[in-house]
Every structure is written in C-alpha cells, then in structure tokens.
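Quick notes on the structure that follows.
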C-alpha cells in the first residue's frame, strides 16, 4: 500500500514519501458539522463583466484555487478558481476539450493537479483524498457498470460501499429505482439495458449513500427528451441537500438546472453567472 501511494500509476495522486509521518494522515478527518461551521469561504475577485458576485451565506462544498493541469506543453486547465456551493447546482458548459472533464477528474483524485489546490467538503484533494471520497458521488462521462449485475444489485452494492447497512442499502436502492423510473428494469442485468437506462443507473450510483458532493459528467447524454426531464426533476428535488456539479452541452439543460453557469473555453471559464442574469 505504501508504494501504491508513493508511486501510483498514471491514475491517482502521488503522496510524499514521508506521508505516514504527516499529522493529516492520522488526524485528517474533520468535524461532522462542517456545513454548520463554515458559512463563509474565500471570495473570487470579480474584475470582468460576465462574472457575478459570490453569493453570501452559503458554504462552498467545492473550492478550487488557481488549479492548473498540463500535459507536456498543452495546458488543459489554466489557473481556474471557482466555488461550487452546497444547496446549489453548478453547471459547467463548454465544447469538448475545454477542460471541464479534466477539472472534475482532478477533484475526484483520478489525476493530480500540476499546481493549485482544491477542497471538497473542506478536505484537501491531495492530502485528504480518502476523506474526500467518503462523501463524494460520481457519474462519469462513460458508463462503468458490471454487465452481470442487475439494477438493484448495482445500487445495493455501491450503497454498502458508502457505509449503508444491508437494510439501508436495499431501501435506498428501491427508492432510487422508483425515482429514476427503472422499476420495470429492477432485476435486469446492466448488459441488457438501453443507453439511456444505463445513464440513469450511473446517476443512481452517484446519488446512493447520501453523497454530500455529487459530480455528474454529462449525466443525460444518450437520453431521450422524456427521460431527460425525469432526471432534471430528480436533480432539482435533491439540490437542497447536496453540492451538485454537472457538465453539459445543452444550454437548455444548464438554464433549467443551474443555479450558476460557468462557460468554459480553452481551459478556463469565461463567464460565471446566474442563468437569469
């Protein structure tokens, strides 16, 4: 395990060789009342038109400061600073290659940042990644499902991984299946689901276990308009309980779901505002 942390593969964040001696390794977990104790956060200076002021009285579930990611000479994420707030949906809109997915990959610990920092639920993504992942849900851009597991089994399995009891995992799985309108597919293996149904299941996996921060990378891609509406209603109903972040190519989706919309281009967000402004 030591060498896996110090010398990870291309995926994962490298820890310093002395990390077992760091206090954060042993005492990294913070108060369970983080959201009650941190009602203010650092402010992004507003210097350009198209950037609204930071909301007051809200807690930043995700705080990104001067985040940069380089691949050789290419800069995928270029000095991004952004707060994403608990109780809101932040929509990231931009073309392929704009840096949205790379940023989300850094937040989930898939790739290390070249420079800069970020916190999720108050935990640093570099030094406290295990604590970050305890309350993090992810719906990746591409479905990552077990072909032979049913819809119900997927949700129960990931619920148990999130620390739910067997009873709690079953109860929440059944509840999510109903909300996702997958009741008729409850006992169907993932390999026999349609593309839209697989996206619904991937979203359910991100939501199960009461994840306080949920990252959704194009969650409605491949869905028909009716299925997309079902997902919209579900996310709007749940946003008060979580920090929700989604990427999308659909401006209509961003307008309907986003409490704030960040427009991305070439590794930076170029505008940040409420959809009504």
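Numbering (UniProt numbering), first residue to last: 1 to 277. Glycine included, each C-beta is placed from N, C-alpha and C at the ideal position.
Assigned with DSSP and collapsed to three states, residue 65 falls in strand.
In this structure, the alpha-carbon of residue 98 lies about 23 Å from that of residue 223. A buried status is given to residue 85, since no fewer than 16 other beta-carbon atoms sit within 10 Å of its beta-carbon.
Note on geometry: alpha-carbon atoms of residue 104 and residue 116 lie some 14 Å from one another.
Here residue 190 is near residue 149, since their CB atoms are less than 9 Å apart. With a beta-carbon spacing of about 19 Å, residue 145 and residue 234 fall beyond the 8 Å limit used to define contacts. C-alpha of residue 134 to C-alpha of residue 219: approximately 21 Å in a straight line. With fewer than 16 other Cβ atoms from the protein chains shown falling within 10 Å of its own Cβ, residue 266 counts as exposed.
For residue 152, there is no enclosing beta strand (DSSP E); the residue is found in the alpha helix (DSSP H) stretching over 151 to 161. Note: residue 261 is bridge-paired with 91, 273 in the DSSP secondary-structure output. In the three-state reduction of the DSSP assignment, residue 79 falls in the strand class, which pools E and B. Pairing residue 57 with residue 82, the inter-Cα distance amounts to about 16 Å. A check of alpha carbon separations from residue 93 across 247, 252, 225 identifies 247 as the nearest. For residue 167, there are no CB contacts under 8 Å within the same chain when 5 residues up- and downstream are skipped.
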